[in-house]
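Enquirer: Under our numbering, the first residue of the sequence shown is numbered 2, with each subsequent residue one higher.
Even for Gly, the Cβ is constructed at its ideal location relative to N, Cα and C.
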Amino acid sequence: MIGFDPTEEQVAIRQMALDFAANEIAPHAMEWDEAKTFPVETLRAAAALGFGAIYVAEDVGGSGLSRLDAAMIFEALSTGCPAVASYISIHNMCAWMVDRFGSEEQRQAWLPSLATMECLASYCLTEPGAGSDAAALKTRARRDGDEYVLDGQKQFISGAGASHLYVVMARTGDDGPRGISTFLVPGDAPGLSFGANERKMGWNAQPTRAVVLDGVRVPAANRLGEEGVGFRIAMAGLDGGRLNIAACSLGGAQAALDKALAYMAERRAFGHALSEFQALQFRLADMATDLEVARTFLWRAAAALDAKASDATTLCAMAKRFVTDAGSAVANQALQLHGGYGYLSEYGIEKLVRDLRVHQILEGTNEIMRLIIARSLVRGR
Ligand SMILES: Cc1cc2nc3c(=O)[nH]c(=O)nc-3n(C[C@H](O)[C@H](O)[C@H](O)COP(=O)(O)OP(=O)(O)OC[C@H]3O[C@@H](n4cnc5c(N)ncnc54)[C@H](O)[C@@H]3O)c2cc1C
Numbered sequence: 002m003i004g005f006d007p008t009e010e011q012v013a014i015r016q017m018a019l020d021f022a023a024n025e026i027a028p029h030a031m032e033w034d035e036a037k038t039f040p041v042e043t044l045r046a047a048a049a050l051g052f053g054a055i056y057v058a059e060d061v062g063g064s065g066l067s068r069l070d071a072a073m074i075f076e077a078l079s080t081g082c083p084a085v086a087s088y089i090s091i092h093n094m095c096a097w098m099v100d101r102f103g104s105e106e107q108r109q110a111w112l113p114s115l116a117t118m119e120c121l122a123s124y125c126l127t128e129p130g131a132g133s134d135a136a137a138l139k140t141r142a143r144r145d146g147d148e149y150v151l152d153g154q155k156q157f158i159s160g161a162g163a164s165h166l167y168v169v170m171a172r173t174g175d176d177g178p179r180g181i182s183t184f185l186v187p188g189d190a191p192g193l194s195f196g197a198n199e200r201k202m203g204w205n206a207q208p209t210r211a212v213v214l215d216g217v218r219v220p221a222a223n224r225l226g227e228e229g230v231g232f233r234i235a236m237a238g239l240d241g242g243r244l245n246i247a248a249c250s251l252g253g254a255q256a257a258l259d260k261a262l263a264y265m266a267e268r269r270a271f272g273h274a275l276s277e278f279q280a281l282q283f284r285l286a287d288m289a290t291d292l293e294v295a296r297t298f299l300w301r302a303a304a305a306l307d308a309k310a311s312d313a314t315t316l317c318a319m320a321k322r323f324v325t326d327a328g329s330a331v332a333n334q335a336l337q338l339h340g341g342y343g344y345l346s347e348y349g350i351e352k353l354v355r356d357l358r359v360h361q362i363l364e365g366t367n368e369i370m371r372l373i374i375a376r377s378l379v380r381g382r
């Protein structure tokens with residue numbers, strides 16, 4: 002039986018996230034973007050509503066919700082600011098990795114404070130020489146008695162410098178994915194340092210920095226899972242991460258469409274409101290249709306991940322590719338419908354276009370999403 006109606010509980014959670022986005026995030030989003038402010042207290046207020054560890058088990062402070070619930074929450078939060086919602090999504094991905102693959106000690110040590118976002122987390126996979134080809138990463142973790150010593154550099158790390166926990170993928174074995182392990186590195190570990198906050202097109206309400214590991218020692222007990230399964234852990238995290246990033250595109254694009262609708266009802270040209278021109282009405286119809294298709298498919302992929310379906314990874318890649326492309330296209334159309342005013346920062350539309358653009362690049366580029374989908378097709382034959 003396929004159902005498309007959210008339950009009463011989902012409607013209530015989504016409304017709570019929408020209200021939080023409208024009251025606590027949206028009023029400050031432009032200022033945070035301009036000043037490059039990472040609004041940590043607002044993140045903690047979101048966590049107080051249960052958004053810091055959405056699909057983490059309740060025994061360690063998580064909300065115990067589903068991926069589908071999370072998709073609805075991230076769409077709603079993103080209507081306030083995609084950059085803020087996206088950082089929360091990365092933090093949630095890390096928390097889930099600890100919950101799913103961590104020992105009982107690791108779960109108890111980290112998850113209660115991750116759930117409240119007293120402790121913020123960063124996901125460290127990308128390196129200067131290994132982006133799309135992440136399995137080529139070079140950061141080393143050498144075993145030394147009861148410790149590992151980590152050396153290397155991670156690039157483009159969201160939240161870096163502000164986070165308290167770094168989930169680091171590093172090489173413990175041979176070249177290739179099976180030589181990679183995952184480590185929980187505390188933010189105050191000696192030898193850990195950070196590059197400058199990158200100057201970037203969007204996502205200014207969260208820092209992006211290089212993470213440098215120079216002889217960083219962590220207890221062997223900080224390894225997440227067995228040696229050699231780190232790449233699998235990293236990819237498992239990304240299945241859900243991709244749904245969340247897609248949901249953030251959806252929320253940002255929905256906000257852009259809503260702004261366009263309001264603007265077009267007021268703006269007049271040739272003696273009419275813009276919303277009276279049929280050519281523009283048709284454009285609005287296409288934008289709304291594209292978002293509804295994107296939303297429906299995102300929910301389908303989230304439900305597949307919840308059900309641990311065998312094709313869940315492929316569906317998550319399809320959703321990430323389709324929804325982030327659709328979200329960017331709709332936001333860009335909304336800018337066009339604002340005319341010259343859309344190009345001014347005051348209207349908030351150009352920020353949405355800038356923020357959503359990177360969703361087509363990170364957590365695996367949309368080309369890499371096609372690679373994952375195509376591989377499953379070709380293998381399936
Ligand atoms: C703002 C921001 C935040 C980020 N946050 C994080 C983070 O928190 N943690 C983290 O680990 N990483 C993070 N990243 C890194 C991001 O995941 C990578 O930038 C991304 O995976 C692409 O890697 P790359 O930049 O090295 O591009 P490259 O891998 O060099 O790719 C360049 C181009 O070639 C294409 N390409 C590469 N290989 C193929 C192929 N086989 N077939 C077809 N096309 C191909 C790519 O799609 C892309 O268009 C972030 C990036 C940005 C910009």
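1. Grab me the residues of Thr-1's own chain with a C-beta within less than 8 Å of its C-beta, minus the 5 sequence neighbours each way, in chain order.
2. Within the same chain, show all residues whose beta-carbon is closer than 8 Å to that of Ala-131, passing over the 5 residues directly before and after it, in chain order.
3. Could you spell out the range, first to last residue, of the alpha helix (DSSP H) harbouring Arg-15?
4. Going by other Cβ atoms of all chains shown within 10 Å of its Cβ, with 16 needed for buried, is Asp-147 buried or exposed?
5. How about Val-186 and Leu-151: are their beta carbons less than 8 Å apart?
6. So Gly-153 and Leu-214 are in contact, right, with Cβ under 8 Å, and what is the actual spacing, rounded?
7. Please indicate yes or no: does the CB of Glu-364 lie closer than 7 Å to some heavy atom of ligand 1?
8. Taking 8 Å as the limit between beta carbons, can you name the residues of its chain near Gly-229, skipping five residues before and five after?
9. Starting from Ile-181 and walking both ways along the beta strand (DSSP E), at which residues does that stretch end?
10. Would the C-beta of Ser-346 count as close to ligand 1, meaning under 7 Å from any of its heavy atoms?
11. Rounded to the nearest angstrom, what separates Leu-69 and Ala-303 at their Cα positions?
12. Buried or exposed for Arg-108, going by 16 or more other Cβ atoms inside 10 Å?
13. What beta strand (DSSP E) runs, 3 residues minimum, are completely inside the region 26–105?
14. Just mark Glu-293 as buried or exposed, buried being the case when its beta carbon has 16 or more other beta carbons within 10 Å.
15. Once the 5 residues before and after Cys-249 are set aside, which same chain residues still bring their CB inside 7 Å of it?
16. Span of the beta strand (DSSP E) holding Asp-152?
17. Roughly how many whole angstroms lie between the Cα atoms of Phe-195 and Gln-334?
18. Gln-255 to Ala-332, Cα distance in whole Å?
19. For Cys-125, does the three-state DSSP call read helix, strand or coil?
20. Return the residue from the list Leu-112, His-339, Val-217 that minimises the CA-CA distance to Gly-192.
21. Should Gly-238 be flagged as near chain D, meaning a C-beta pair shorter than 8 Å?
22. Let me know the secondary structure DSSP gives Asp-326 once reduced to three states.
23. Return helix, strand or coil for Leu-345, following the three-state DSSP convention.
24. Look up Gly-232 in the DSSP assignment and give the residues it is bridged to.
25. State the start and end residues of the unbroken alpha helix (DSSP H) segment that holds Gly-381.
26. Between which two residues does the alpha helix (DSSP H) containing Ala-221 stretch?
Expert: Taking the structure as given:
1. Lying before the first or after the last residue shown, residue 1 is absent from the chain, which here runs from 2 to 382.
2. Ala-137, Leu-138, Lys-139
3. 9–21
4. exposed
5. yes
6. 5 Å
7. yes
8. Thr-173, Gly-174, Arg-179, Gly-180, Ile-181, Ser-182
9. 181–187
10. no
11. 5 Å
12. buried
13. none
14. exposed
15. Phe-75, Ser-79, Pro-83, Ala-86, Ser-87, Ser-90, His-360
16. 148–159
17. 37 Å
18. 8 Å
19. strand
20. Val-217
21. Included in the structure is just one protein chain, with no chain D present.
22. helix
23. coil
24. Checking the sequence, you will find Phe at residue 232 rather than Gly. Per DSSP, none; premise fails for Phe-232.
25. 367–381
26. From DSSP, Ala-221 is part of no alpha helix (DSSP H); its letter is neither H nor E.
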